[in-house]
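Peer 1: Numbering (numbering that gives the first Met the number 0), first residue to last: 0 to 186. Even for Gly, the Cβ is constructed at its ideal location relative to N, Cα and C. Please find one structure pasted underneath; my questions will follow.
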Amino acid sequence: MRRGDTRFVPAERIYGFRWSEDGSNRRSWSRTLKAAIGVALARAVARVPDEFVDSPVVTRIVLAFLPYVMRLKFHRSAAKTLAGAKLTVTLGMGLTLADGDRRYFLVRVRGRRCAIRAADRDQVVRQAVSCFTSRLPTVLRMTMGASTHPALLIADGAAELSGDVFFSARLAALFGMPSRSLLPVGE
Numbered sequence: 000m001r002r003g004d005t006r007f008v009p010a011e012r013i014y015g016f017r018w019s020e021d022g023s024n025r026r027s028w029s030r031t032l033k034a035a036i037g038v039a040l041a042r043a044v045a046r047v048p049d050e051f052v053d054s055p056v057v058t059r060i061v062l063a064f065l066p067y068v069m070r071l072k073f074h075r076s077a078a079k080t081l082a083g084a085k086l087t088v089t090l091g092m093g094l095t096l097a098d099g100d101r102r103y104f105l106v107r108v109r110g111r112r113c114a115i116r117a118a119d120r121d122q123v124v125r126q127a128v129s130c131f132t133s134r135l136p137t138v139l140r141m142t143m144g145a146s147t148h149p150a151l152l153i154a155d156g157a158a159e160l161s162g163d164v165f166f167s168a169r170l171a172a173l174f175g176m177p178s179r180s181l182l183p184v185g186e
């Protein structure tokens, strides 16, 4: 089994069996449960037609759990520069919904940590180095590894990219997308 394989989630991630030396759990049960629900939802939605994902109820649920799924898919070993230093960057992610509305997220990578939060367009414009924009079903499938490399989506017109184009190539490595093995990620 490869690291980042989405067919298997270790029990420690689902049930929170990560105990610290003092016997307390390092991960709250609510965060663990949200992550497990998010992974199960993303796996199911990655196989259904776009019309299903674009329905208002499913869209609301997916938007609520997408940050948890992306945090689980984050590869800490890829969060460094080619020189080996810790990576510090803020990315923007824009999701186009079925009704034409856009939702934005800021993805902050600092060292080996990743934080994802909802943001408005102005925050993304001011803070993000690069912004990746696509439809919600495309981003969900890309996050789960059920889609092609982001560069191919951009070439096909299924996604847009603004900002630092060279850094966006590392997006696939940071979140374990299909071409992860093409970039140096040593542990």
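Quick check on DSSP: helix, strand or coil for phenylalanine 165?
Peer 2: Phenylalanine 165: helix per DSSP, three-state reduction.
Peer 1: For serine 129, count neighbouring C-beta atoms within 10 Å of its own C-beta (all shown protein chains included) and say buried if the count is 16 or more, exposed if not.
Peer 2: Flag for serine 129 reads buried.
Peer 1: Under 6 Å Cβ to Cβ from valine 39, same chain only, skipping five residues before and after it: list those, please.
Peer 2: The sequence shown places alanine at residue 39, not valine. So no residue of the chain qualifies.
Peer 1: Whole angstroms is fine: what's the gap from arginine 107's alpha carbon to aspartate 49's?
Peer 2: Roughly 28 Å separates the two Cα atoms.
Peer 1: For aspartate 21, does the three-state DSSP call read helix, strand or coil?
Peer 2: Because aspartate 21 sits at a pLDDT of 47, beneath the cut-off of 50, its placement in the model cannot be relied upon, and the following sentence gives the value as read from the coordinates. Three-state DSSP puts aspartate 21 in coil, outside helix and strand.
Peer 1: Short of 8 Å in beta carbon distance, which residues of its chain neighbour glutamine 122, apart from the five on each side in sequence? Order them along the chain.
Peer 2: For glutamine 122, where only same-chain residues beyond five positions count, the Cβ hits under 8 Å are Tyr103, Leu105.
Peer 1: Taking the alpha-carbon positions, what's the phenylalanine 131 to alanine 114 distance?
Peer 2: Between phenylalanine 131 and alanine 114, the C-alpha separation is close to 16 Å.
Peer 1: Distance cutoff 8 Å, beta carbons only. Does leucine 65 sit that close to anything in chain C?
Peer 2: This model lacks chain C altogether; it includes just one protein chain.
Peer 1: First and last residue of the alpha helix (DSSP H) that includes alanine 82?
Peer 2: Run containing alanine 82: none; DSSP gives neither H nor E here.
Peer 1: Which partner residues of threonine 89 appear in the DSSP bridge assignment?
Peer 2: BP columns for threonine 89 point to Arg107.
Peer 1: Taking DSSP as the reference, what is the three-state secondary structure of serine 133?
Peer 2: It is a strand residue.
Peer 1: Which residues in the same chain as lysine 79 place their Cβ atom closer than 7 Å to its Cβ, once the five residues preceding and following it in sequence are excluded?
Peer 2: The answer, listed in chain order, is Lys85, Leu86.
Peer 1: I think alanine 77 touches alanine 150, with their Cβ atoms under 8 Å apart; what is that distance to the nearest whole Å?
Peer 2: That belief does not hold up - the Cβ atoms of alanine 77 and alanine 150 are roughly 16 Å apart, past 8 Å.
Peer 1: Please name the residue in Glu159, Val56, Ile153, Phe73 whose C-alpha comes closest to that of glycine 110.
Peer 2: Of Glu159, Val56, Ile153, Phe73, the residue nearest in Cα terms is Phe73.
Peer 1: Does DSSP put leucine 96 in a helix, a strand or coil?
Peer 2: Note: leucine 96 maps to coil in three-state DSSP.
Peer 1: If contacts are defined as beta-carbon pairs under 8 Å, then arginine 101 and glycine 93 qualify, I think. What distance do you get, rounded to the angstrom?
Peer 2: About 5 Å separates the two Cβ atoms, so the contact holds.
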